[in-house]
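Engineer:
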Amino acid sequence: MTIPAVPIPILSFIVFTPLVGALLLLLIPRHQKDAARAFAAAVSGFTLLLALWAFVAYDRSAGGYQFVERMSWLPQLGIHYYVGVDGVSLPLVLLSALVLFTGVLVSWNIEDRPHELFAFMLLLASGIMGVFVARNLVLLFFFYEIAIFPKYFLIAIWGSTRKEYAAMKLVLYTLVGSIIALVGALALYFVSPVRTFDMDVLRELAARGAFARTVEVFGQAVRFDYLWFLPVFLGFAVTAGLWPFHNWVPDGHSAAPTAGSMFLAGVVMKVGAYSALRVGIELMPGGAVYWLPVVVFLAVVAALYSAAISLVQEDLKYVIAFSSIGHMAFVTIGFAAMNVTGLTGAVLQMFSHGVMAAILFAVVGMVYDQAHTRYLAHLGGFARVMPLATLGFILGGLVAMGMPGFSGFVAEFQVFAGIWAARETAWWYPWVVILAAPSIALSAAYILRALQATFFGDLDLKRYPHVRDVTALDKVAIVTLAVWFVLIGVFPRVMTDLIQTGVEPIASLLQGAMVASLR
Amino acid sequence: MTLFGYPFPILTLITFTPLLGAGLIALTPRDSVRLHRGLALFFSLIPLALSVWLWLNLDLSRPGFQFVERVVWFPQVNAQYYLGVDGLSVMLIFLTALLTPLGVLISFNITQDPRTYFALFLALETGILGVFVSLDLLLFFLFWELGLVPMYFLINNWGAPERRHYAALKFILYTMAGSLGLLLGIQLIWAALGGAQGGTFDLLEVSRRWPALQGTLAGVPMEVVKAIVFWAFVIAFAIKVPVWPFHTWLPDAHTEAPTAGSMILAGILLKLGAYGFLRIVFPLFPMESARFALVLALLATAAIVFGAYAALGQRDFKRLVAYSSVNHMGFVVLGIAVAGYALGNPAIRDHALIAVNGAALQLFAHGLSSAAMFALVGVIYDRTHTRDLEAYGGLWARMPVYGGILIYCAMASVGLPGLAGFVAEYMVVQGAWPVFTALTAIAMLGLLITGAFIMKALQKVLHGPLNPRWARLPEISAREILAVAPLMAFMLLTGLWPAWIVPTLNAALAQLFG
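Respectively, the protein sequence lines represent chains A and B.
Our numbering applies: residue 2 is where the first sequence begins, and numbers increase by one.
Our numbering applies: residue 2 is where the second sequence begins, and numbers increase by one.
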């Protein structure tokens with residue numbers, strides 16, 4: 002007996018399960034807080050299972066876009082509901098689902114309007130995963146903007162320290178960035194020989210050099226992709242926290258509630274980097290070849306500067322927030338390598354940093370819930386009361402300091418190896434490695450400093466007479482995240498083989514553009 | 002040996018048994034201290050038994066690496082899970098496997114969270130053993146770094162209360178700074194050999210292709226690239242050994258670490274650096290090694306003399322023993338420098354082979370004597386809670402057995418003929434004399450100071466009038482004797498009959514000179 006193959010719209014399920022869940026959540030009566038929590042956990046757990054299933058079911062030997070769905074939406078304007086995942090987006094979908102699920106678990110004890118909190122979180126996850134699966138530019142921007150507003154409310158309502166300021170700053174930064182990128186995307190649409198937003202078609206056109214033609218600006222003939230790559234890339238890079246557009250990151254991450262910080266550092270920054278890759282690099286490879294060797298300097302500054310700043314922070318959450326900027330800089334450096342090794346490292350770094358940031362912020366939140374302070378000078382000795390959370394922080398810290406055997410090393414190693422391999426691109430590329438590498442030593446210093454001050458030493462029993470261990474749900478969240486560090490660190494192929502299938506076409510696109518620019 | 006038709010993965014088993022033990026200990030209930038101790042001892046004895054088997058089954062007549070295991074690990078950068086051993090690594094594996102159960106035994110009195118302590122201790126063993134079995138540069142680096150983490154926590158959480166945080170941070174930052182250069186060097190080699198197309202971390206393939214490599218890397222002549230990588234490696238390993246003037250982390254780390262931590266630090270972790278010179282720097286950089294051998298010999302002599310002087314000036318018993326490591330490891334580096342010099346001057350190879358055999362034997366001898374000395378310092382510290390030499394005095398009267406053992410081990414450390422250290426240092430000096438005559442002469446004068454500081458320690462601790470504070474001090478316990486006795490036996494065995502170990506080392510080291 003054969004079972005007829007019914008295509009299950011798995012990606013739509015993944016994207017819209019949280020959205021539908023968010024709406025249904027609001028129907029639960031207000032006083033039934035536990036019901037709302039359980040429902041949110043169920044919805045996010047189901048989403049995680051779907052994402053895991055997609056991760057396993059994806060055919061790695063075939064590669065390319067899979068689980069594709071396509072429906073007409075506004076065909077006159079070339080807008081379709083068109084989704085699919087490849088080796089680049091699939092890890093990020095999985096990451097989003099992981100962070101959503103664990104974010105719900107660690108937010109269990111929030112008493113202030115849990116219905117709305119979880120609804121916003123689910124909505125945010127829906128928008129983020131939409132960006133990762135979208136194969137139509139308009140759809141991508143649609144989801145991108147959906148993902149902005151829940152962040153504002155999450156921070157402004159449930160946040161701490163200057164929350165209104167941080168929320169407004171974050172939204173304005175990302176909004177301005179995305180609008181600039183949107184203008185670039187529209188310019189692309191109008192210069193394209195085929196009027197479409199279909200990213201497959203646009204990529205095909207880009208491969209044939211359709212966007213490398215000259216346009217006239219104020220009487221000057223300029224190549225289109227040279228002109229528009231930078232605004233589009235940097236517009237998205239604002240969300241990825243690239244220096245000097247990183248200013249929203251420390252305030253936003255620190256002011257957000259725990260789950261919000263997990264989302265911001267864990268996934269939202271990846272949305273920026275991912276879109277910069279998909280829209281900027283992939284559609285304007287000529288521009289990428291022209292500009293990325295310059296942009297990489299911003300990333301080098303970001304890596305060093307943020308690590309140095311982290312080292313002197315007095316607020317535990319700010320330490321982790323600044324560290325995100327440094328780790329995301331490695332994503333940009335990997336992009337700038339423009340070869341398979343570097344791009345694989347960059348995408349893996351997105352996943353690795355996502356899980357790491359989630360676990361670090363989660364543990365910081367657990368400490369804060371007990372101590373009601375994040376000042377390093379007032380903390381200390383928490384390892385004794387919350388051993389598993391300490392272990393989670395240590396593991397996340399080891400990833401942050403690029404310890405071999407953990408996912409961060411695999412990613413950063415490939416980023417550096419990619420830059421070495423790309424040394425023909427620009428003479429200063431070896432210097433990029435040499436300049437950026439000390440940031441790894443600095444990260445060891447700030448992680449150990451934070452670890453030392455928070456978890457070791459003596460617990461001040463006068464100040465903290467009632468500290469308890471973290472809850473069982475918190476432990477589930479920590480374990481769910483931490484297994485990925487070791488899994489990828491010891492068996493890198495779990496991720497790298499998959500990612501490689503996704504970045505190979507991008508790398509060949511860039512190589513083609515490089516050859517064309519030499520001609 | 003085969004298992005169901007498959008080659009028996011003996012090296013994997015040796016390396017990961019301690020980690021498995023660490024995992025199991027972490028799962029046991031927090032309060033069952035006896036269970037933690039038992040499990041830790043059990044899981045540290047398995048690698049010891051396996052390493053004895055390994056040594057007995059090593060075929061000395063066969064050149065190259067044996068018990069090889071090889072699996073593709075990380076195909077994107079062409080890294081492999083590639084293990085194999087020769088005589089040098091087998092000796093160091095045995096030393097590691099021997100010191101770990103003794104360290105566990107000496108740590109039975111740990112009361113603060115013994116579960117985590119023993120788990121970390123066993124994880125540390127896996128990291129060290131992994132370095133000795135790796136034949137892939139990336140895998141080597143992985144284990145190299147992995148050993149740092151448990152050591153950091155051992156010092157940080159179980160060290161002496163006053164300065165442990167400072168010492169732990171200094172230790173990890175120093176060694177991580179060194180590893181950063183190591184990592185960059187490994188990547189440069191990979192990139193120069195072809196990067197994604199043809200780049201490799203396979204140590205044997207690298208040592209075939211890399212020394213002869215010509216051309217440019219990113220416009221830089223290969224000569225310069227090689228010099229950069231050479232110095233990156235040398236500094237990383239020199240920090241670990243430690244070669245003067247990169248040694249300043251050592252006195253702090255060794256002094257503040259818990260007793261078993263100091264035993265492993267001095268007994269094995271320092272050997273990683275010397276092993277890196279012999280296993281990686283020489284095969285990969287024969288020309289550069291020969292060119293800069295004199296510098297290394299100079300630093301070695303400085304380490305011997307200054308290390309001894311610094312030890313002589315200490316008031317802290319443990320710090321004195323720590324500085325003595327700088328002094329003793331200086332002889333290792335001197336022997337290594339001679340070997341490096343011989344790589345470019347074939348005429349002196351016979352001398353160099355003696356010197357480098359001496360250096361390798363010194364690794365073993367110092368592993369025994371430093372571990373024993375730290376164990377004994379720990380014994381006295383546990384009883385008196387002070388390390389101040391001026392506070393002791395006349396303890397021999399109270400603890401005659403302890404006094405005898407201390408004198409025996411101290412003599413092994415000085416290099417009394419009949420004990421292991423003498424044979425090793427004699428071989429180094431004999432091999433080095435015709436090559437670096439003046440430096441060797443200075444180094445031998447340094448030996449006088451070695452004698453002086455050891456005598457000073459013995460005198461301050463054991464002789465003189467008994468300090469009344471220690472009138473009721475208990476004698477060394479059977480458990481503590483048991484932890485030191487195997488070391489003493491091997492000191493004597495190696496001192497009287499070095500032939501049990503030298504052929505194994507020689508078989509591996511002769512390969513250096515082709």
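We put the CB at the ideal spot given by N, CA and C, even for glycine.
These figures come from a predicted structure and were not determined experimentally.
Using a Cβ distance threshold of 8 Å, determine whether the stretch 285-303 of chain B contacts the stretch 435-452 of chain B, with at least three qualifying pairs required.
Structural biologist: yes
Engineer: Tell me whether the beta-carbon of residue 208/A lies closer than 8 Å to the beta-carbon of residue 106/A.
Structural biologist: no
Engineer: Based on the DSSP output, what are the partners of residue 216/A in its beta bridges?
Structural biologist: 223/A
Engineer: Kindly indicate which three-state DSSP category residue 135/B falls into: helix, strand or coil?
Structural biologist: strand
Engineer: Look up residue 513/A in the DSSP assignment and say whether it is helix, strand or coil.
Structural biologist: helix
Engineer: Is residue 348/A near residue 317/A, with beta carbons less than 8 Å apart?
Structural biologist: Not a contact, by the Cβ cut-off of 8 Å.
Engineer: Quick check: is the beta carbon of residue 173/B nearer than 8 Å to any beta carbon in chain A?
Structural biologist: yes
Engineer: Closer than 8 Å is the cut-off here; do at least three beta carbon pairs connect the stretch 255-267 of chain B with the stretch 225-237 of chain B?
Structural biologist: No: fewer than three Cβ pairs fall under 8 Å.
Engineer: Does DSSP classify residue 519/A as helix, strand or coil?
Structural biologist: Helix at residue 519/A.
Engineer: Using a beta-carbon distance below 8 Å, is residue 169/A in contact with chain B?
Structural biologist: Interface flag for residue 169/A against chain B is unset, since no Cβ pair is found closer than 8 Å.
Engineer: Residue 120/A by DSSP, collapsed to three states: which one?
Structural biologist: helix
Engineer: Taking only the alpha-carbon atoms, compute the straight-line gap between residue 90/B and residue 359/B and give it to the nearest angstrom.
Structural biologist: In this structure, the straight-line span from the alpha carbon of residue 90/B to that of residue 359/B is close to 15 Å.
Engineer: For residue 441/A, return the contacting residues in chain B, with the cut-off set at a CB-CB distance below 9 Å.
Structural biologist: 177, 181, 184
Engineer: Anyone know if the C-beta pair for residue 369/B and residue 318/B falls short of 8 Å?
Structural biologist: no
Engineer: Could you give the distance in angstroms between the alpha-carbon of residue 15/B and the alpha-carbon of residue 180/B?
Structural biologist: 25 Å
Engineer: Check whether the Cβ of residue 244/A lies closer than 8 Å to any Cβ atom in chain B.
Structural biologist: no
Engineer: Determine which residues of the stretch 199-233 of chain B have a Cβ less than 9 Å from any Cβ of chain A, and write them out in chain order.
Structural biologist: 200, 218, 219, 220, 221
Engineer: Starting from the beta carbon of residue 258/A, find every residue of chain B whose beta carbon is closer than 7 Å, and list them in chain order.
Structural biologist: Simply none; closest approach about 31 Å.
Engineer: Expressed to the nearest angstrom, what Euclidean distance is found between the alpha-carbon atoms of residue 454/A and residue 323/A?
Structural biologist: 17 Å
Engineer: By Cβ distance, which residues of its chain are closer than 8 Å to residue 123/A, with the 5 residues on each side in sequence left out?
Structural biologist: The residues are 19, 20, 22, 23, 26, 41, 44, 45, 101.
Engineer: Does residue 2/A come within less than 8 Å of chain B when only Cβ atoms are used?
Structural biologist: Note that residue 2/A has pLDDT 48, beneath the 50 cutoff, so the model's placement of it is unreliable and the number below is only indicative. Judged by the 8 Å Cβ criterion, residue 2/A is not in contact with chain B.
Engineer: For residue 1/A, collect the residues of the same chain with a Cβ closer than 6 Å to its Cβ; drop the 5 residues on either side in sequence, then sort them by chain order.
Structural biologist: One cannot answer for residue 1/A here, as it falls past the ends of chain A, which runs 2 to 520.
Engineer: Within a Cβ cutoff of 7 Å, which residues of the same chain sit near residue 127/B, ignoring the five residues on either side of it in sequence?
Structural biologist: In chain order, 16, 17, 19, 20 place their CB closer than 7 Å to the CB of residue 127/B, counting only its own chain and leaving out the 5 sequence neighbours on each side.
Engineer: Can you give me the Cβ contacts of residue 34/B inside the same chain, cut-off strictly under 6 Å, excluding the 5 residues immediately before and after it?
Structural biologist: 115
Engineer: Measuring alpha carbon to alpha carbon, tell me which residue in 416/B, 494/B, 253/B is nearest residue 456/B.
Structural biologist: Nearest in C-alpha terms to residue 456/B, of all of 416/B, 494/B, 253/B, is 416/B.
Engineer: On the criterion of 16 or more Cβ atoms from any shown chain inside 10 Å, does residue 451/B qualify as buried, or is it exposed?
Structural biologist: If you draw a 10 Å sphere on the C-beta of residue 451/B, you find 16 or more other C-beta atoms in it, and that means buried.
Engineer: Could you give the residue range of the alpha helix (DSSP H) that holds residue 74/A?
Structural biologist: Looking at the DSSP string, residue 74/A is not in any alpha helix (DSSP H); the run it does join, the beta strand (DSSP E), is 67-75.
Engineer: Against chain B, does residue 374/A count as a neighbour if the rule is that its beta carbon must be under 8 Å from one of theirs?
Structural biologist: no
Engineer: If residue 379/B sits next to residue 468/B, beta carbons under 8 Å apart, how far is it from one beta carbon to the other, in whole angstroms?
Structural biologist: About 19 Å separates the two Cβ atoms, so there is no contact after all.
Engineer: Tell me, please, whether the CB atom of residue 485/A is closer than 8 Å to any CB atom in chain B?
Structural biologist: no
Engineer: For the alpha helix (DSSP H) containing residue 34/B, list its first residue and its last residue.
Structural biologist: First-last of the alpha helix (DSSP H) with residue 34/B: 34-58.
Engineer: Would residue 515/A count as contacting chain B if we go by Cβ distances under 8 Å?
Structural biologist: no
Engineer: Which chain A residues are close to residue 150/B, counting only those with a beta carbon under 7 Å from its beta carbon?
Structural biologist: Here the neighbours are 399, 404.
Engineer: For residue 54/B, does the count of other Cβ atoms within 10 angstroms reach 16, so buried, or fall short, so exposed?
Structural biologist: exposed
Engineer: Suppose contacts are defined by Cβ-Cβ distances below 8 Å. Is residue 495/B in contact with residue 375/B by that definition?
Structural biologist: By the CB criterion at 8 Å, residue 495/B and residue 375/B fall outside the cutoff.
Engineer: Using the Cβ count rule (16 or more neighbours within 10 Å means buried), how would you classify residue 180/A?
Structural biologist: By the neighbour-count rule (16 or more Cβ atoms within 10 Å), residue 180/A is not buried but exposed.
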